[in-house]
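What follows is one structure encoded as structure tokens, with my remarks underneath.
Residue numbers (my numbering), protein chains in the order written: chain A, 1 to 643; chain B, 1 to 96.
What follows is the structure, given as structure tokens:
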């Protein structure tokens with residue numbers, strides 16, 4: 001799951017990046033930018049307005065991602081919404097702010113200036129959030145100001161006079177709840193109205209404070225709030241209560257460990273029935289096709305090559321979705337900020353700061369968005385160090401490999417009855433292994449090539465929020481699509497290519513046994529190099545194909561065993577693996593996958609983020625050396641205990 | 001280590017001099033930020049403005065940082081950063 005954001009995907013929109021598509025009337029559709037501070041509910045609103053008609057894209061030239069989508073309006077107007085990064089001001093200081101600033105001012109080459117702006121602010125913290133209204137209104141674009149979290153404001157006893165604020169700002173203002181879907185009609189009305197008559201929507205100028213002067217802007221916001229009779233709500237009781245547990249010196253870290261264990265145990269136990277069902281489905285559909293098709297080359301390609309290869313990978317979809325669901329809940333609930341705070345002390349010891357922990361945590365899902373998420377780190381050297389260690393976190397692409405090998409070699413016995421099984425512990429150890437390696441590498445990098453002054457750590461602790469089903473659903477939908485897309489492209493191509501290479505060269509018009517095929521020759525060529533790690537030529541073929549993406553090895557082994565006449569599905573794979581791997585070799589294979597950077601997408605995104613080939617080449621080399629060395633050591637040591 | 005330092009400060013001066021000297025729940029009024037411009041600006045955007053009240057709430061479980069209530073939200077800062085945020089002397093200092 002690595003090409004999560006960087007690769008253009010088949011989208012639901014005609015072409016949501018530049019140039020903006022032309023509507024039937026000949027005019028280009030109206031573009032509306034959504035601006036707001038972090039934690040203002042911007043993404044929830046965007047999801048609410050666009051639903052499935054959205055996709056992630058990158059601004060040309062920079063790596064800050066944005067999302068674009070089509071709003072569902074009651075009349076026929078088409079409005080394109082651009083979700084800009086969360087910013088506190090438009091003062092171009094961080095990369096996020098620069099993008100928002102340039103985009104709103106029409107300074108981003110090739111990107112049309114938006115026709116209107118939706119400014120979304122947290123109504124429960126209006127005093128501070130209204131500061132952003134000054135630079136946004138200064139743009140002179142039609143602006144709709146949304147005061148989000150209306151329900152929260154009411155529950156906590158705050159209030160605001162929307163009409164008075166609207167009069168003061170000379171712009172429409174609406175009190176909404178993006179999470180609950182309250183007040184969405186008002187936004188659609190604004191969008192329809194703006195689309196119908198852009199010129200009429202231009203606001204009259206109002207008096208604004210000096211934009212560069214933060215105290216001045218804050219005073220202006222207070223004055224506005226007073227005129228709109230804003231009463232700030234009482235502090236969030238639930239957030240305080242939850243923090244007294246999650247940030248407790250003893251309970252906090254314990255809760256964190258408990259959460260992690262639950263996640264992994266559930267990935268093994270809850271997803272298992274669904275996975276078994278999918279495995280059976282793939283196997284029976286393969287058999288059915290086998291009966292339907294006449295014998296021949298085409299049948300062999302389809303069943304042994306494609307079905308065994310692709311089928312053995314797609315059965316892991318439930319596990320991966322479950323992992324993304326958990327990470328999504330952690331992110332959307334506001335817990336990640338607490339995790340970063342807990343981790344700051346540890347991170348400072350390795351020369352990094354708590355904010356590095358957020359991308360590292362999301363790297364457990366996928367390194368590609370994690371590498372992009374490092375832009376919240378202000379210090380350039382800290383940022384590169386974080387990028388260098390992010391792929392050591394156990395990403396979801398390793399999950400199929402780990403699951404396959406663990407299920408094949410680790411007996412399913414419970415260490416603590418009903419709670420903790422041996423496969424779960426093995427999996428946890430592998431996750432720990434990646435993390436420890438990351439810590440050590442970061443320490444080395446930060447005390448040598450990436451040495452810098454002690455960094456600062458400033459992080460807002462947002463109130464806890466219940467993740468919305470829609471946002472979680474969209475995440476899973478998106479990830480499911482990426483996974484299946486990859487199974488349908490990379491893994492399919494590798495499976496077909498491998499099948500062809502495994503059946504050539506023909507000798508006397510006969511297909512050769514796989515050892516004598518081109519694929520076999522390649523495997524035999526690398527065999528001497530990987531023999532010390534306990535791998536034979538078949539595993540060697542898998543290691544080579546998995547350079548594209550880690551989970552490809554599962555598909556490759558599926559194809560190889562399919563050709564050899566075995567059962568290509570996952571359960572058959574487990575049995576077949578025993579013939580090619582000793583238990584010590586299995587340990588070595590797990591360790592190899594824990595460390596090696598087998599992912600084209602990660603290499604590409606690191607190249608783009610760091611601006612040169614130097615860092616990705618360094619990263620690939622050090623991780624390969626680490627993987628080889630550690631794998632060899634693991635094979636030798638495990639060989640003493642396992643037979 | 002941070003705790004010891006805070007105690008030492010409060011022993012010498014009766015009023016806390018920096019945000020780092022504040023005890024949990026004790027309010028201080030920010031006077032000035034002694035940090036580079038970009039960091040100071042980020043802090044101001046988060047509510048650390050001269051004249052604003054700052055109240056420390058939780059200590060990070062690992063130590064080394066604290067969460068502060070400021071301008072309607074909660075922001076975590078490391079102790080070496082909060083040591084650079086100077087407080088207004090609430091009690092009239094004795095001057096010659």
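Ideal Cβ positions, reconstructed from N, Cα and C, are used throughout, including at glycine.
The structure displayed is predicted, hence computed values, not measured ones.
Closer than 7 Å at the beta carbon, the chain B residues around residue i
i             : result
residue 382/A : The premise fails here: residue 382/A is roughly 14 Å from chain B at the closest Cβ pair, so nothing lies under 7 Å.
residue 249/A : 61
residue 342/A : 60, 61, 62
residue 218/A : 49
Per-residue contacts from residue i into chain A (C-beta, under 8 Å)
i            : result
residue 81/B : 456, 457, 458
residue 22/B : Result: empty, since nearest Cβ-Cβ is about 17 Å, beyond 8 Å.
residue 89/B : Those within 8 Å of residue 89/B in chain A number zero; the least Cβ separation is about 20 Å.
Supposed contact pair residue j and residue i - C-beta distance, whole angstroms, cut 8 Å
i             : j             : result
residue 118/A : residue 40/A  : Between residue 40/A and residue 118/A the Cβ distance is about 11 Å, and since that is not below 8 Å, they are no contact.
residue 471/A : residue 43/A  : 7 Å
residue 49/A  : residue 81/A  : 6 Å
residue 49/B  : residue 214/A : 7 Å
residue 328/A : residue 462/A : Not confirmed; about 16 Å, so no contact.
residue 73/B  : residue 125/A : 6 Å
residue 32/A  : residue 79/A  : 6 Å
residue 67/B  : residue 47/B  : Actually they are not in contact, since the Cβ atoms of residue 67/B and residue 47/B sit about 13 Å apart, beyond 8 Å.
residue 386/A : residue 336/A : 15 Å between Cβ atoms; not a contact.
residue 134/A : residue 208/A : 5 Å
Nearest-angstrom Cα separation, counted from residue j out to residue i
i             : j             : result
residue 383/A : residue 484/A : 31 Å
residue 534/A : residue 542/A : 14 Å
residue 584/A : residue 623/A : 21 Å
residue 89/B  : residue 20/B  : 14 Å
residue 23/A  : residue 196/A : Its pLDDT being 37, under 50, residue 23/A is placed unreliably by the model, and the measurement read from it follows with that caveat. Near 14 Å, if we compare the C-alpha coordinates of residue 196/A and residue 23/A.
residue 113/A : residue 140/A : 12 Å
residue 638/A : residue 581/A : 13 Å
residue 609/A : residue 380/A : 11 Å
residue 322/A : residue 393/A : 18 Å
residue 405/A : residue 398/A : 11 Å
residue 42/B  : residue 30/B  : 15 Å
residue 6/A   : residue 258/A : For residue 6/A, the predicted model reports a pLDDT of 35, less than 50, meaning its position is unreliable; a value from the coordinates is still stated below. Taking the straight line from one Cα to the other gives about 33 Å.
residue 108/A : residue 101/A : 9 Å
residue 540/A : residue 597/A : 16 Å
residue 377/A : residue 635/A : 38 Å
residue 288/A : residue 346/A : 55 Å
residue 29/A  : residue 103/A : 17 Å
residue 554/A : residue 546/A : 9 Å
residue 558/A : residue 243/A : 48 Å
residue 184/A : residue 324/A : 28 Å
Contacts that residue i makes with chain A (C-beta to C-beta distance below 7 Å)
i            : result
residue 73/B : 125, 128, 460
residue 55/B : By Cβ distance, chain A contributes nothing, its closest Cβ being about 11 Å from residue 55/B, past 7 Å.
Chain B contact residues for residue i, given Cβ-Cβ distances below 8 Å
i             : result
residue 252/A : 61
residue 214/A : 41, 44, 45, 49
residue 465/A : None at all; the shortest Cβ gap to chain B is about 14 Å.
residue 156/A : Near residue 156/A there are no residues of chain B at all, since even the closest Cβ is about 11 Å away, more than 8 Å.
heavy atom of the ligand MG below 6 Å from residue i C-beta
i            : result
residue 16/B : Absent from the structure shown: the ligand MG. Ligands present: none.
Sheet register partners of residue i (DSSP bridge)
i             : result
residue 86/B  : 18/B, 32/B
residue 69/B  : 55/B, 74/B
residue 373/A : In DSSP, residue 373/A forms no bridge with anything.
residue 122/A : 148/A
residue 691/A : Chain A is shown from 1 up to 643; residue 691/A falls before or after that span and cannot be answered.
residue 414/A : 421/A
residue 272/A : Answer is none; residue 272/A lacks a bridge partner.
residue 459/A : 76/B
residue 83/A  : 34/A, 67/A
Closer than 7 Å to chain C by CB, residue i
i            : result
residue 17/B : Any reference to chain C falls outside this structure, whose protein chains are A and B.
Listed by chain order, chain A residues near residue i by CB distance under 9 Å
i            : result
residue 77/B : 456, 457, 458, 459
Per-residue contacts from residue i into chain B (C-beta, under 9 Å)
i             : result
residue 67/A  : Ordered by position in chain B, no residue passes the 9 Å Cβ test against residue 67/A, which lies about 24 Å from the chain.
residue 205/A : Within chain B, no residue comes near residue 205/A; the closest Cβ sits about 24 Å away, beyond 9 Å.
- prompt: Given a limit of 7 Å on CB to CB distance, which residues of the region 347–380 of chain A reach chain B?
  reply: Residues 348.
Contact residues within the region 30–52 of chain B, judged by C-beta distance below 7 Å to chain A: Residues passing the 7 Å Cβ filter: 38, 39, 41, 42, 43, 44, 45, 46, 47, 49, 50.
- prompt: Taking a cut of 7 Å between CB atoms, which residues from the region 226–246 of chain A lie near chain B?
  reply: Those residues of the region 226–246 of chain A placed with their C-beta closer than 7 Å to a C-beta in chain B are 232, 243, ordered along the chain.
- request: Report the residues of the region 77–93 of chain A with a CB closer than 8 Å to any CB of chain B, ordered along the chain.
  value: For the region 77–93 of chain A, the residues whose beta carbon sits under 8 Å from a beta carbon of chain B are, in order, 88, 89, 91, 93.
message: Using a Cβ-Cβ cutoff of 8 Å, what residues of the region 591–613 of chain A are near chain B? List them in chain order.
response: The residues in question: there are none.
field: Members of the region 426–454 of chain A near chain B, C-beta cut-off 8 Å
entry: Listed by position along the chain: 454.
task: Identify each residue in the region 464–483 of chain A for which the Cβ-Cβ distance to at least one residue of chain B is less than 8 Å, and report them in chain order.
output: Those residues of the region 464–483 of chain A that come within reach of chain B (Cβ to Cβ, closer than 8 Å) do not exist; the list is empty.
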